[in-house]
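Residue numbers (my numbering), protein chains in the order written: chain W, 2 to 495; chain C, 1006 to 1341. Below is one structure; the comments refer to it alone.
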């Protein structure tokens, strides 16, 4: 057997009393695209940070090409041929791209060359980072990492924020690296990508590596089962169970009606209806106005025109408070935007409740505690880090953002990409929860960047393109049809 | 399950913005403050029939200290900190300078001036190091430091006193009606210290650290060292402010209240000058122009025949109104 390019042996790391990594053995061969999988909180990001010199491990060894190394800084890691693209772009918003490159001692001309290879040479490097859309920042980060010509390229959930065509370019680079006998460590929650593009995968669970195998073997079910261990029971391939269509009395209006809503003044307008008990899936490419549509529906931004009817009555929300009072609540994709990161779980769940308690005088602590613990139990939120919401893992934070509304009550739920960056097990818990809420009579609009979720969770799919709904498809529509429609093209065979 | 389908249509590249758009977006605030200053100067000159070298010298030399303190505050704020001890540092160097410069020749006086600036840089660097190493918020460390520096000033000079060399005064702040020296000094510091600094890797690092410490660290920067360097730069400017005070007043004045007021005015100039108090963005020119705006208000009030006590009120009103207008203008950008 050839010598592995990267070999970690019994690497362990603890943050105070919280153990992030117990003992991880990871071996990446040269010319291998290696996937690192695991539920949220399994230790993937901690491992990447150790491999890039951001954190130092407490025990165990890291060896590159057989040489044990101690990495003290990102610069040192790069010198050893380990270059990362982190989950959040490591670009400074207030600087231009060129200034950012100079900081890391990268020649902008080299980056331009890499961008040209990715067919992105139209990017203006003198723009400030804050003025560029996120997907292109990820690509820039990738181009910068490539300039160092690393032996091991580490991609931490790079595809989570990328539209399909840019993801394809990332895969092309992974392939190129492989052909040059260099390696890639690929972290993604999208198992389809892992199966298609990775040669090996290592699954982490509870800070240990539990298995390494070829991801093509056994299929998605095996990967999920390995990731979750005992907890895998109850994960289904399809969360949606068609129930008999609920009888709606003729006189009852649909829960939410959107008519000719203009996201931007020049758009054609968005129209759709959602009934109680229904999950409407919204599919769209990056930047088709979905972010703003959700902000308008939740009362955060005003539309340029058109109307919104809630229970048959027009809603002119000037503030999220108005929408919430009409029972329309939003779970945004940026979880920390919805939460109070420094405050405990209990307060986070209770905050929307405060709208309903008398304005003056002390809050009834007993009732509050009861409602909060009901929500926590129902969502099985891991309460070990109960004191501060920001210390929860991504999946638990997402549950918390939904849990807030469970305790406070709602009638229409707007979910914006609710499973972005969440592990498969938690994803399935959220799918189940969404179905359960719909069966309980809620109307749900869910935007998702993962098209397969439409088939898994939704009753109906609407496709948004350029500020207008261009198609309504049944949930059984193939991903290919959804994607075709999302590009504004006619779907021929439905 | 099918494989991920290949996308036929490419995600469009963001539209590059034009030079003009970019200039307005990045320098718009400074241009705005410059316009405000222009209006205030015109107004002031219309109040005095013979607006000439004497008045210009008065404005430039009288504002030089505040402009330097605004520079000190700006560098530190851009790096993500805030320094509540710049005023006290100015008072301390003023006292040291006045005590040592008394009845000296020009040569030794210049040596003392350099010494004072170096002392301020060391002290400020020390304060920055404490803030960085201890992890205590900058605002707490520098507030505490301001008390220590104010006390030291009283130890150096227990009452108004000291003195300096007349020729030194003329060279630094100009004589009776000579505005050139003060203007040249300010312009020189800006061009020879700030412009090269801003273009250097260290300067970019200062902005980077103020904008996003985590991302700066991931870019391989030494965050702590960069922040300390910003404090040393701040010390350079506030030390200079103390030396200029000595030249302008010809004496030393250890009263702590002077330092406290100066510190707060420097923060006001930073805000009015368009520097983000959270760090990471802004220029040095904006706060300097803002310092002149703030300094012009009391004489304007006097010219209008108003009670000069209203000057403080109107300074506050101007800061709120300008920052509010600026905030409103920036909303479209944020919502993009």
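We put the CB at the ideal spot given by N, CA and C, even for glycine.
Original post:
What separation, rounded to the nearest whole angstrom, lies between the Cα atoms of residue 1170 of chain C and residue 1254 of chain C?
Top reply: Reading the second chain from its first residue, position 165 is the one you call residue 1170 of chain C. Reading the second chain from its first residue, position 249 is the one you call residue 1254 of chain C. Distance between the alpha carbons of residue 1170 of chain C and residue 1254 of chain C is about 11 Å.
Q: Hey, could you find the ends of the beta strand (DSSP E) residue 209 of chain W is sitting in?
A: Within the first chain, the letter at position 208 stands for residue 209 of chain W. Counting along the chain, residue 209 of chain W sits inside the beta strand (DSSP E) bounded by residues 209-214.
Find the residues of chain C that neighbour residue 100 of chain W, judging by a C-beta separation of less than 9 Å, and give them in chain order. Taking the first chain and counting its residues from 1, one reaches residue 100 of chain W at position 99. Correct list: 1209, 1212 and 1213.
With DSSP as the reference, please indicate the residues paired to residue 1174 of chain C in a beta bridge.
One-based indexing of the second chain puts residue 1174 of chain C at position 169. None; residue 1174 of chain C has no bridge partner.
Cross-strand partners of residue 14 of chain W (DSSP beta bridge) = Residue mapping note: residue 14 of chain W aligns to position 13 of the first chain, counting from 1. Under DSSP, residue 14 of chain W takes part in a beta bridge, and its partners are W/22.
Point to revise | C-alpha distance - residue 1111 of chain C paired with residue 1186 of chain C, whole-angstrom precision | key: For the purposes of this step, residue 1111 of chain C is taken as the residue at position 106 of the second chain. For the purposes of this step, residue 1186 of chain C is taken as the residue at position 181 of the second chain. Answer to the nearest angstrom: the Cα atoms are 16 Å apart.
ask   = What's the call for residue 4 of chain W, buried or exposed, on a 16-neighbour Cβ count within 10 Å?
value = By one-based count along the first chain, residue 4 of chain W stands at place 3. Answer is exposed; the Cβ neighbour count stays below 16.
Counting only the same chain and skipping the five closest in sequence on each side, list residues whose C-beta sits under 7 Å from that of residue 1269 of chain C.
Mapped onto the second chain, residue 1269 of chain C falls at position 264. Excluding residues up to 5 positions away in sequence, nothing lies with its Cβ nearer than 7 Å to the Cβ of residue 1269 of chain C in the same chain.
Notebook entry, point to check: Counting pairs of Cβ atoms below 8 Å between the segment 41-60 of chain W and the segment 1201-1214 of chain C, do you hit three or more?
Noted result: Segment contact: the segment 41-60 of chain W against the segment 1201-1214 of chain C, fewer than three CB-CB distances shorter than 8 Å; contact not assigned.
#### Entry: Partner residues on chain W for residue 1125 of chain C, Cβ-Cβ distance less than 8 Å
One-based indexing of the second chain puts residue 1125 of chain C at position 120. None at all; the shortest Cβ gap to chain W is about 28 Å.
Original post:
With distances taken between CB atoms, is the gap from residue 276 of chain W to residue 303 of chain W smaller than 8 Å?
Top reply: Position 275 of the first chain, counted from the start, is the residue given in the question as residue 276 of chain W. Position 302 of the first chain, counted from the start, is the residue given in the question as residue 303 of chain W. For the 8 Å CB-CB criterion, residue 276 of chain W and residue 303 of chain W do not form a contact.
Report task. Using a Cβ-Cβ cut-off of 8 Å, state whether residue 37 of chain W counts as contacting chain C. Result -> Translated into the one-based positions of the first chain, residue 37 of chain W becomes position 36. Not an interface residue.
Please list the partners that residue 123 of chain W has in chain C, where partner means a Cβ-to-Cβ separation under 9 Å.
In the first chain, the residue the question calls residue 123 of chain W occupies position 122. Here the neighbours are 1018, 1019 and 1021.
Practice prompt. Just mark residue 1309 of chain C as buried or exposed, buried being the case when its beta carbon has 16 or more other beta carbons within 10 Å.
Written response: For this step, residue 1309 of chain C is matched to residue 304 along the second chain. Burial call: exposed.
Please state whether the Cβ-Cβ distance between residue 1329 of chain C and residue 1319 of chain C is less than 8 Å. Against the second chain, residue 1329 of chain C aligns to sequence position 324. Against the second chain, residue 1319 of chain C aligns to sequence position 314. No. Outside cutoff.
Along the chain, which unbroken stretches of the alpha helix (DSSP H) at least 4 residues long are found entirely within the segment 300-339 of chain W?
Listed in chain order, the complete alpha helix (DSSP H) runs (minimum 4 residues) inside the segment 300-339 of chain W are 321-326 and 336-339.
* Could you give the distance in angstroms between the alpha-carbon of residue 1048 of chain C and the alpha-carbon of residue 1252 of chain C? -> As a first step, residue 1048 of chain C must be located in the second chain, where it is residue number 43. As a first step, residue 1252 of chain C must be located in the second chain, where it is residue number 247. Residue 1252 of chain C has its alpha-carbon roughly 29 Å from the corresponding atom of residue 1048 of chain C.
**Item:** Residue-chain proximity (residue 116 of chain W, chain C), Cβ-Cβ < 8 Å
**Value:** Indexing the first chain from 1 puts residue 116 of chain W at position 115. Cβ-Cβ to chain C under 8 Å: no for residue 116 of chain W.
- Message: Strictly below 7 Å CB to CB, what residues from chain W border residue 1220 of chain C?
- Response: Translated into the one-based positions of the second chain, residue 1220 of chain C becomes position 215. Close to residue 1220 of chain C, with beta-carbon spacing below 7 Å, are these residues of chain W in chain order: 91, 92 and 93.
For residue 202 of chain W, which residues from the same chain have a beta carbon less than 8 Å from its beta carbon, with the 5 sequence-adjacent residues on both sides left out?
Reading the first chain from its first residue, position 201 is the one you call residue 202 of chain W. Excluding residues within five positions, the ones whose Cβ falls inside 8 Å are 35, 36, 37, 38, 195, 213, 214, 215, 216 and 224.
Name the chain W residues that come within less than 8 Å of residue 1226 of chain C, Cβ to Cβ? Against the second chain, residue 1226 of chain C aligns to sequence position 221. Against chain W, the beta carbon of residue 1226 of chain C has neighbours under 8 Å at 104, listed in chain order.
With a threshold of 16 other CB atoms inside 10 Å of the CB of residue 190 of chain W, please say whether the residue is buried or exposed.
-> Numbered from its first residue, the first chain carries residue 190 of chain W at position 189. With 16 or more other Cβ atoms within 10 Å, it is buried.
Point to revise | Straight-line gap, residue 1117 of chain C to residue 1062 of chain C (C-alpha atoms, nearest Å) | key: As a first step, residue 1117 of chain C is located in the second chain; it is residue number 112 there, counting from the start. As a first step, residue 1062 of chain C is located in the second chain; it is residue number 57 there, counting from the start. Rounded to whole angstroms, residue 1117 of chain C to residue 1062 of chain C spans 25 Å at the Cα level.
* **Contacts of residue 1206 of chain C in chain W (Cβ-Cβ under 9 Å)** => Reading the second chain from its first residue, position 201 is the one you call residue 1206 of chain C. Under the 9 Å cutoff, chain W gives 103, 104 and 106.
query: Can you give the beta carbon distance from residue 1235 of chain C to residue 1080 of chain C, rounded, assuming they're within the 8 Å contact cut?
result: Mapped onto the second chain, residue 1235 of chain C falls at position 230. Mapped onto the second chain, residue 1080 of chain C falls at position 75. Contact holds; Cβ gap of about 5 Å.
Determine the burial state of residue 87 of chain W: buried for a count of at least 16 other Cβ atoms within 10 Å of its Cβ, exposed for fewer. Counting from one through the first chain, the residue named residue 87 of chain W turns up at place 86. Its Cβ being crowded by 16 or more others within 10 Å, residue 87 of chain W is buried.
- prompt: Is any heavy atom of the ligand NAP found at a distance shorter than 7 Å from the C-beta of residue 1186 of chain C?
  reply: No copy of the ligand NAP appears in this structure; indeed no ligand is present at all.
ask   = Should residue 329 of chain W and residue 311 of chain W be called a contact, given that it needs their Cβ atoms to be closer than 8 Å?
value = Position 328 of the first chain holds residue 329 of chain W. Position 310 of the first chain holds residue 311 of chain W. Cβ atoms of residue 329 of chain W and residue 311 of chain W: closer than 8 Å.
Check: According to DSSP, is residue 487 of chain W helix, strand or coil?
Finding: Translated into the one-based positions of the first chain, residue 487 of chain W becomes position 486. If DSSP states are grouped into helix, strand and coil, residue 487 of chain W belongs with the helices.
* Check residue 39 of chain W in the structure and name its three-state DSSP category. => Looking up residue 39 of chain W in the first chain gives position 38. Residue 39 of chain W sits in a strand when the DSSP states are folded into three classes.
Could you list which residues in chain C have their beta carbon closer than 8 Å to that of residue 60 of chain W, in chain order? Stepping through the first chain from its first residue, residue 60 of chain W is reached at position 59. By Cβ distance, chain C contributes nothing, its closest Cβ being about 24 Å from residue 60 of chain W, past 8 Å.
How about residue 1102 of chain C and residue 1247 of chain C: do their beta carbons lie closer than 8 Å?
As a first step, residue 1102 of chain C is located in the second chain; it is residue number 97 there, counting from the start. As a first step, residue 1247 of chain C is located in the second chain; it is residue number 242 there, counting from the start. In this structure, residue 1247 of chain C lies closer than 8 Å to residue 1102 of chain C by Cβ.
Please report whether the beta-carbon of residue 1290 of chain C lies at a distance below 8 Å from any beta-carbon of chain W. Position 285 of the second chain holds residue 1290 of chain C. Taking Cβ atoms only, chain W never reaches closer than 8 Å to residue 1290 of chain C, which makes this a no.
> Does residue 451 of chain W have its Cβ less than 8 Å from a Cβ in chain C?
Replying inline: One-based indexing of the first chain puts residue 451 of chain W at position 450. With 8 Å as the cut-off, residue 451 of chain W does not count as an interface residue toward chain C.
Q) Which residues in the same chain as residue 1341 of chain C place their Cβ atom closer than 7 Å to its Cβ, once the five residues preceding and following it in sequence are excluded? A) Position 336 of the second chain holds residue 1341 of chain C. At residue 1341 of chain C, the pLDDT of 38 sits below 50, so the modelled position is not reliable and the matter cannot be decided from this model.
**Message:** According to DSSP, simplified to helix, strand and coil, what is residue 1085 of chain C?
**Reply:** In the second chain, the residue the question calls residue 1085 of chain C occupies position 80. In the displayed model, residue 1085 of chain C falls within coil according to three-state DSSP, outside both helix and strand.
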